[in-house]
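Step one of this worksheet: look at the structure below.
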Amino acid sequence: MKRAVTLKENHEFRRLYQKGKSAVGGGMVLYCRKNRLDHNRLGLTASTKLGHAVVRNRARRRLREVYRLHSPELKQGYDIILVARTRTVKASWQELNDTFVKLCRKLELLEDKP
38 MKRAVTLKEN
48 HEFRRLYQKG
58 KSAVGGGMVL
68 YCRKNRLDHN
78 RLGLTASTKL
88 GHAVVRNRAR
98 RRLREVYRLH
108 SPELKQGYDI
118 ILVARTRTVK
128 ASWQELNDTF
138 VKLCRKLELL
148 EDKP
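Heads up: the sequence shown begins at 38 in my numbering, then just goes up one per residue.
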């Protein structure tokens with residue numbers, strides 16, 4: 038993923054946690070907020086409670102791939118944070134996809150199909 042489309046700074050994460058909308062699903066939490074840009078930016082979070090570095094990195098890779106596959110369907114101009122939960126590690130691929138789509142619908146992030 039290019040640096041231009043990711044959230045890196047701590048103040049960006051804190052602003053999204055405080056002022057953004059959130060939705061909680063089985064294996065993840067999704068935060069979003071408009072960003073005044075013409076593209077989306079993604080931030081990923083995996084707590085040390087999930088396990089060692091290998092486990093956390095795998096959880097982040099899985100969430101990044103779910104986002105990548107669904108990014109053409111998303112409205113543009115949002116900052117999005119995906120927070121991995123303990124179920125993210127053991128959830129099936131289908132379950133992660135379904136959860137992501139459900140959370141995006143709940144926050145109205147999906148494009149309306151004509």
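Backbone N, C-alpha and C define an ideal beta-carbon position, used for all residues, glycine too.
Per DSSP, A60 is not a residue of any alpha helix (DSSP H); the beta strand (DSSP E) it occupies stretches across 58-61. Taking 3 residues as the shortest admissible run, the region 56-139 contains the following complete beta strand (DSSP E) segments, listed from N- to C-terminal end: 58-61, 65-71, 78-82, 115-121. Under the Cβ criterion (8 Å, minimum of three pairs), the region 104-123 counts as touching the region 137-149. Taking one beta carbon from each stretch, the region 58-78 and the region 131-143 have 3 or more pairs nearer than 8 Å; the two touch.
Setting aside the 5 residues that flank it on each side, L74 is surrounded in the same chain by G114, each with a C-beta closer than 7 Å to its C-beta; the list follows chain order. The beta carbon of A83 is closer than 7 Å to those of R93, A96, R97, A121 in its chain, skipping five residues each way along the sequence.
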